[in-house]
């Protein structure tokens with residue numbers, strides 16, 4: 422077997438340091454590709470500056486760049502938070518896990534409060550998670566004490582409160598669990 426010659430080896434391209442134009446283009450392509458928050462865009466730009474370096478004389482003002490994209494309507498933290506929390510609710514996550522995800526995305530506490538789910542949505546999310554993961558009344562095999570505790574722990578890790586997790590896990594049947602969700606809606 423032949424050894425590849427050094428001339429044939431593929432060289433890794435070193436990216437150019439960022440200047441004002443490249444930084445603006447990078448930010449624009451990011452907001453065009455992804456639904457994002459102001460905090461996530463700023464984190465992304467900081468990471469790129471760290472990776473590639475800065476070519477300009479003065480340090481870049483990321484806050485002004487992010488504010489410009491907010492002003493143009495490319496970034497809307499409330500819409501992002503509403504969409505992200507709705508997605509996580511539909512996947513069965515609870516309020517703690519949703520708040521954590523929004524916090525990591527740079528959504529402030531006030532905005533998180535505006536998009537907080539009501540009690541019926543939280544119960545529906547808990548029921549969805551239990552059905553999907555076959556917890557409690559949806560289990561395919563008999564649930565002993567150790568398995569029940571594992572189910573409870575998984576529900577709590579998914580962000581649900583202990584009371585909600587226990588209500589779903591301890592339901593005697595699927596119908597009882599669904600009635601528990603409907604009770605709050607009535």
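Numbering (the working numbering), first residue to last: 422 to 607.
Glycine is no exception: its CB is placed at the ideal position from the N, C-alpha and C atoms.
Quantities reported herein were computed from a predicted structural model and do not represent experimental measurements.
Assigned secondary structure, residue i (DSSP; H/G/I helix, E/B strand, else coil)
i, result
"residue 493", "coil"
"residue 467", "helix"
"residue 587", "helix"
"residue 566", "helix"
"residue 480", "coil"
"residue 456", "coil"
"residue 560", "coil"
Bridge partners - residue i, DSSP secondary structure assignment
i, result
"residue 439", "475"
Contact under 9 Å by Cβ, residue i with residue j
i, j, result
"residue 462", "residue 513", "no"
"residue 470", "residue 486", "no"
"residue 556", "residue 589", "yes"
"residue 534", "residue 464", "no"
"residue 563", "residue 593", "no"
Same chain, Cβ closer than 8 Å to residue i, neighbours up to 5 away in sequence not counted
i, result
"residue 585", "515, 543, 544, 547, 576"
"residue 529", "498"
Own chain, CB closer than 6 Å to residue i, minus 5 neighbours either side, in chain order
i, result
"residue 506", "519, 536"
"residue 458", "498, 501, 526, 527, 528"
- Scan the segment 498-550 and note each continuous alpha helix (DSSP H) run of 4 residues or more that stays entirely inside, going in chain order. Correct list: 498-511, 516-525, 530-535.
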